[in-house]
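Colleague: Please see the structure below; I have some questions.
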Amino acid sequence: MNRQKLSRIQELLWEMTETGFVSGASCMVLQGGEEQCYYEAGMRDLAGGLPMTRDTIFRLYSMSKPVTAAAAMILLEEGKIDLYDSVSDYLPGFRDQKVMADGMLTPVKRPVVIQDLLNMTSGLTYPGEGCPTELHTNQLMEEVITHLSTPKALTTCEIMNRLGEIPLAFQPGEKWQYGMSADVLGAVIEVVSGMRFGDFLRKRIFEPLHMNDTDFFVPADKQARLAKVYQDHGKGLEEFHFPHLGISNDMKTPPAFESGGAGLVSTIDDYARFAQMLLNKGSLGNVSILSPRTVAFLSQAHLAPSLDIYVRQWESLAGCSYANLMRIMKDPGAAISLSRSGEFGWDGWLGTYMTVDPADDMVLLLMQQKTDTGTTAYTRKIRNVVYSALDTTLSKA
Numbered sequence: 413m414n415r416q417k418l419s420r421i422q423e424l425l426w427e428m429t430e431t432g433f434v435s436g437a438s439c440m441v442l443q444g445g446e447e448q449c450y451y452e453a454g455m456r457d458l459a460g461g462l463p464m465t466r467d468t469i470f471r472l473y474s475m476s477k478p479v480t481a482a483a484a485m486i487l488l489e490e491g492k493i494d495l496y497d498s499v500s501d502y503l504p505g506f507r508d509q510k511v512m513a514d515g516m517l518t519p520v521k522r523p524v525v526i527q528d529l530l531n532m533t534s535g536l537t538y539p540g541e542g543c544p545t546e547l548h549t550n551q552l553m554e555e556v557i558t559h560l561s562t563p564k565a566l567t568t569c570e571i572m573n574r575l576g577e578i579p580l581a582f583q584p585g586e587k588w589q590y591g592m593s594a595d596v597l598g599a600v601i602e603v604v605s606g607m608r609f610g611d612f613l614r615k616r617i618f619e620p621l622h623m624n625d626t627d628f629f630v631p632a633d634k635q636a637r638l639a640k641v642y643q644d645h646g647k648g649l650e651e652f653h654f655p656h657l658g659i660s661n662d663m664k665t666p667p668a669f670e671s672g673g674a675g676l677v678s679t680i681d682d683y684a685r686f687a688q689m690l691l692n693k694g695s696l697g698n699v700s701i702l703s704p705r706t707v708a709f710l711s712q713a714h715l716a717p718s719l720d721i722y723v724r725q726w727e728s729l730a731g732c733s734y735a736n737l738m739r740i741m742k743d744p745g746a747a748i749s750l751s752r753s754g755e756f757g758w759d760g761w762l763g764t765y766m767t768v769d770p771a772d773d774m775v776l777l778l779m780q781q782k783t784d785t786g787t788t789a790y791t792r793k794i795r796n797v798v799y800s801a802l803d804t805t806l807s808k809a
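Residue 413 is where the sequence shown starts when you use the working numbering, and the numbers rise one by one after that.
Structure (structure tokens):
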């Protein structure tokens with residue numbers, strides 16, 4: 413890659429921090445299995461005067477989802493789950509579900525299946541006020557937050573069984589809507605594996621890949637490396653402490669609720685190992701996590717065109733389809749930043765971002781900790797820098 417062009421990323425990170433858009437950020441690009449650049453800027457803790465460093469620990473939020481999808485693929489390879497298994501086979505709360513339509517409850521035409529969880533076609537939503545499903549989900553998550561740090565804290569399976577009793581927003585498989593499907597999938601993995609979801613991830617993914625700083629909590633000896641979270645409501649950056657989606661902000665103790673959709677923390681180097689494993693078709697060094705054929709399915713499956721219309725209502729997903737808890741670029745010409753057909757990945761609510769590009773043998777990671785950040789104009793600017801810096805002689809056309 414053109415290293416001189418990549419150096420523009422450093423200037424963008426400085427701009428992001430000096431203007432107060434974020435407190436701090438870091439970015440890494442890999443190609444051909446080698447680091448092409450790593451840049452950082454700003455602070456991980458403004459009040460404490462602690463700079464952003466390479467070993468800073470970030471809350472991943474929705475960038476937890478690709479890890480959960482990979483965990484499901486492990487069970488798929490072992491013949492322990494089938495994508496058309498009813499979720500109710502594992503979580504009884506999903507039996508005899510109903511759909512809320514036009515103010516009336518209607519029985520589901522078919523049950524929610526595991527593939528619905530991977531594709532966000534389950535009819536589950538996130539908390540909100542847009543429909544009865546969102547309202548009921550909001551009430552459940554408020555209860556989760558109320559008991560979060562008490563002996564009454566609800567476990568992963570308890571919460572997901574309760575979630576299954578909430579009427580769905582639409583018939584399974586008929587629409588796409590972003591929601592708590594990945595959290596349900598984490599509970600399914602817990603039931604199928606016979607161990608806590610976090611224990612399964614550590615045993616099958618984190619420990620083999622030496623992702624030593626990735627978990628559902630941050631122990632005391634690592635707490636100083638955990639970045640602060642910030643929000644900006646027009647008055648500049650302020651610290652944010654609320655346990656969004658039932659995730660403790662301080663991350664000090666192992667949680668009862670291990671959220672497959674939002675609960676993990678990691679460093680940029682740890683997540684780079686996970687992303688490189690996907691780019692390498694399931695292996696890293698002498699460690700194999702998934703087979704090449706499984707990774708091909710994980711990264712190439714996509715929704716039917718009739719469902720893509722729901723995905724593409726998100727401006728940042730222009731040109732993309734969706735499957736296995738990740739975006740998949742299908743039409744680069746419709747995208748709003750430079751891209752490549754077949755690239756895949758996801759981002760997180762606090763600004764963590766991943767893309768894996770098999771055609772260019774490349775990984776891009778961006779880490780931030782600001783609420784409602786996800787994919788921003790700065791994310792797209794960094795993408796444009798990276799794609800313009802690609803050396804076409806190294807590209808696999």
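We put the CB at the ideal spot given by N, CA and C, even for glycine.
Fair warning: this is a prediction, and the values are worked out from it, not measured in the lab.
#1: For the beta strand (DSSP E) containing Glu-446, list its first residue and its last residue.
#2: Should Met-440 go down as buried or exposed, given a rule of 16 or more other Cβ atoms within 10 Å for buried?
#3: Counting along the chain, where does the alpha helix (DSSP H) carrying Asp-611 start and finish?
#4: Tell me, please, whether the segment 590-603 touches the segment 531-538 by the rule of three or more beta-carbon pairs shorter than 8 Å.
#5: Give me the Cα-Cα distance between Lys-477 and Met-738, rounded to the nearest whole angstrom.
#6: For Thr-562, is the classification buried or exposed, using 16 other Cβ atoms within 10 angstroms of its Cβ as the cut-off for buried?
#7: Tell whether a beta-carbon distance below 8 Å holds between Ile-617 and Ile-701.
#8: Report yes if the C-beta distance between Leu-575 and Val-596 is below 8 Å; otherwise report no.
#9: Is the segment 478-496 touching the segment 453-470 in the sense that three or more CB pairs, one from each, lie closer than 8 Å?
#10: In angstroms with no decimal places, state the Cα-to-Cα distance between His-653 and Val-524.
#11: Drop a sphere of 10 angstroms on the beta-carbon of Pro-631, count the other beta-carbons inside from all chains shown, and report buried for 16 or more, exposed for fewer.
#12: At a cut-off of 7 Å, would you count Cys-732 as near the ligand GTP, judging by its Cβ distance to the nearest heavy atom?
#13: Can you check which of these residues, Ser-500, Gln-781 and Ser-498, is closest to Leu-813 by C-alpha distance?
#14: With 16 as the cutoff for other CB atoms within 10 Å, does Gln-443 come out buried or exposed?
#15: I need the straight-line Cα distance from Pro-666 to Asp-611, nearest angstrom please.
#16: Which runs of the alpha helix (DSSP H) spanning at least 4 residues fall entirely within the segment 547-602, listed in chain order?
#17: How do the segment 485-499 and the segment 704-713 stand: do at least 3 beta-carbon pairs fall below 8 Å, yes or no?
#18: Do Ser-753 and Met-741 count as a contact pair if the criterion is CB distance below 8 Å?
#19: Which whole-angstrom value is the C-beta distance of Leu-777 and Ala-684, which I expect to be below 8 Å?
#20: When burial is assigned at 16 or more other CB atoms within 10 Å of the CB, is Leu-638 buried or exposed?
#21: Determine the extent of the beta strand (DSSP E) in which Asp-759 is found, giving its start and end residues.
#22: Under a three-way DSSP split, which group does Glu-430 fall into?
#23: By a C-beta neighbour count over all protein chains shown, 10 Å radius and 16 as the cutoff for buried, is Gly-445 buried or exposed?
#24: Below 8 Å on the Cβ atoms is my guess for Ile-680 versus Ser-419; work out the distance and round it to an integer in Å.
#25: Measure the Cβ-Cβ separation of Glu-452 and Ser-703 and say whether it is below 8 Å.
Modeller: On the basis of the supplied data:
#1: Counting along the chain, Glu-446 sits inside the beta strand (DSSP E) bounded by residues 446-457.
#2: buried
#3: 609-613
#4: yes
#5: It is roughly 8 Å from the alpha-carbon of Lys-477 to the alpha-carbon of Met-738.
#6: exposed
#7: Yes, Cβ-Cβ distance for Ile-617 and Ile-701 is below 8 Å.
#8: Taking 8 Å as the cut-off, the Cβ atoms of Leu-575 and Val-596 count as close.
#9: Not touching, per the Cβ criterion.
#10: Taking the straight line joining both Cα atoms gives about 34 Å.
#11: exposed
#12: Among the components modelled here there is no ligand, and therefore nothing to report on the ligand GTP.
#13: Residue 813 is absent from the structure shown; the chain starts at 413 and stops at 809.
#14: buried
#15: 11 Å
#16: 568-576
#17: yes
#18: yes
#19: That pair is a contact at about 6 Å.
#20: buried
#21: 756-759
#22: helix
#23: exposed
#24: Contact flag wrong, Cβ pair sits at about 18 Å.
#25: no
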